[in-house]
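FYI, the numbering for the sequence shown is -5 to 102, going by my numbering. All residues carry an ideal CB built from backbone N, CA and C; glycine is no exception. Quick notes on the structure that follows.
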Amino acid sequence: MNNSTSGVSSEVDLNVGVTIRVVLTVLAAAIITLDLIGNVIVIHVTRTRTPMRTSMDLLIVNLAAADLMMIPVIVYLINFFFNQFDWFGGIMDRSRVGWLSLSRLYRS
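Written out as structure tokens, the structure is:
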């Protein structure tokens, strides 16, 4: 049995058109903006109003804080989608993709 690839590349090509890049960038900017505004409002209201300090409200604040920590991951994933493994030195970036996926699990 010969399991050679006979010249077929195993790399996945994620090249997309300019239209999809613009749509993804605008969508990511909208998500980041709404995420930032909404979660900061939730944290502010809970901190300034004493009746909003029940255990359920503190869990919601914890969720809002974890959601705010996901903003850099969204930026990273959009940049990764456009540039694939070419930025920050190729092999180093491949190891960080797995770390970012695992860090989402620990933060939630």
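request  = Can you check the region 8 to 89 for any beta strand (DSSP E) of at least 3 residues that lies completely inside it and give the ranges in chain order?
outcome  = As far as the region 8 to 89 is concerned, it has no whole beta strand (DSSP E) run of at least 3 residues.
query = Is it the case that the Cβ atoms of residue 55 and residue 37 are separated by a distance below 8 Å?
reply = Result yes, Cβ atoms of residue 55 and residue 37 sit closer than 8 Å.
ask   = Taking the C-alpha atoms as reference points, what is the distance between residue 21 and residue 34?
value = Answer to the nearest angstrom: the Cα atoms are 20 Å apart.
ask   = Just the Cα atoms here: how many angstroms apart are residue 77 and residue 65?
value = Distance between the alpha carbons of residue 77 and residue 65: 19 Å.
inquiry  = Taking the straight line between their C-alpha atoms, what separation do you get for residue 29 and residue 12?
reply    = Take the alpha-carbon of residue 29 and the one of residue 12: they are about 25 Å apart.
key: Cβ-Cβ separation, residue 68 to residue 31 (assumed contact under 8 Å), whole Å   = Not confirmed; about 15 Å, so no contact.
message = For residue 74 and residue 45, what's the separation of their Cα atoms in angstroms?
response = The alpha-carbon atoms of residue 74 and residue 45 are separated by roughly 43 Å.
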